[in-house]
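Numbering (my numbering), first residue to last: 1 to 182.
All remarks here apply to the structure that follows.
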């Protein structure tokens, strides 16, 4: 895959430039555009993934199915499709926004900052997994209600963005409703 970049955002969340992705994620990461996607299988189970130890920020942490950054000229939906293919080797359908206004800033234990406007989506997997080990070290198909209970009981065990997304009542209900559609 060619070198990815991030799309920088100004104070009004408008694109204001780009930076190379790896170099941009530092102790003072600028505000930029991203996305999160929660994937479900035909049984309604949620795919929770554990980030590879090679990740710069939050290595080894359990998180939602796939995250990433749209590239210049690429829609968020197309970026999600691209990252699902790259990270998990899967095709998706029924891509649905569940938390369009999500925005967060968090610092990992190594001091690397995430600072993102990060719309959240749900999607249905329509092919078999072929996980990219450089991105994902483990994964588990789980009942969404069980994962949400785990997040409430032990939020430190999950990525901060996943915890924040699951803590929003509207987003949580949208994810639960999506998981029940089989």
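The C-beta atom is built at its ideal place from N, Cα and C for all residues, glycine as well.
What you are looking at is a predicted structure, and each value in this text was computed from that prediction instead of being measured.
Residue 77 has its alpha-carbon roughly 12 Å from the corresponding atom of residue 100.
Residue range 169 to 180 is occupied by the alpha helix (DSSP H) that includes residue 177, with no beta strand (DSSP E) assigned at that position. C-alpha of residue 23 to C-alpha of residue 44: approximately 37 Å in a straight line. Shown here, residue 154 sits in coil according to DSSP, grouped into three states, outside any helix or strand. A residue is called buried when at least 16 other Cβ atoms come within 10 angstroms of its Cβ; residue 27 does not meet this threshold and is exposed. For residue 76, the enclosing alpha helix (DSSP H) stretches over residues 76 to 83. Closest in C-alpha terms to residue 135, from the list 146, 68, 32, 33, comes 68.
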